[in-house]
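Residue numbers (my numbering): 24 to 143. Note that beta-carbon positions come from the ideal geometry of N, C-alpha and C, so glycine has one too.
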Amino acid sequence: MSHHSDDALLIVGSDSFWEPGNYKRTTKRIEDSFRLCGDLILLIQERSEIEKTYAKSLRNWSKKWNEIIEKNMATEAASWKSVLIEADRRCDMHLRLKTSLNDVVTHKSSSGRKIVSINL
24 MSHHSDDALL IVGSDSFWEP GNYKRTTKRI EDSFRLCGDL ILLIQERSEI
74 EKTYAKSLRN WSKKWNEIIE KNMATEAASW KSVLIEADRR CDMHLRLKTS
124 LNDVVTHKSS SGRKIVSINL
């Protein structure tokens, strides 16, 4: 006589994918994941635009003040210029960040849907 019962293997209300109707939870996860990937792409693209705008503002600010300093050479011009050089470097850093963010999001996949890849 066996100590195992076949009835123990058949659990009513099982969470198994193969039970009637249980596939819906899995397909919902797939649909949600697809939507979340799109949201992540949008998040990265928006951040990239913020970095681009900030870098452009820094560049314009630096250019404006460089022109003013060039016209009015004073003894403190060197210290003023060092502030502007730092702003130019920060601008370059934010432009590199913008480019890196754009590189993270690849363009269209073969199915036409945008996909995310991370360059390591």
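Original post:
Assuming K121 and K75 make a contact with CB atoms under 8 Å, what is their CB distance in whole Å?
Top reply: 5 Å
Original post:
DSSP puts V106 in a beta bridge; with which residues?
Top reply: Bridge partners of V106: none, in fact.
**OP:** Could you name the residues of the same chain whose beta carbon sits closer than 7 Å to that of R113, not counting the 5 residues immediately before and after it, in chain order?
**Re:** L81
Subject >> Sequence-distant residues of the same chain with beta carbon closer than 7 Å to I92, five excluded per side >> reply: A100, W103, K104
Original post:
Which residues mark the beginning and the end of the alpha helix (DSSP H) in which D62 is found?
Top reply: 46-94
Original post:
Using the beta-carbon count (16 or more within 10 Å), is S71 buried or exposed?
Top reply: buried
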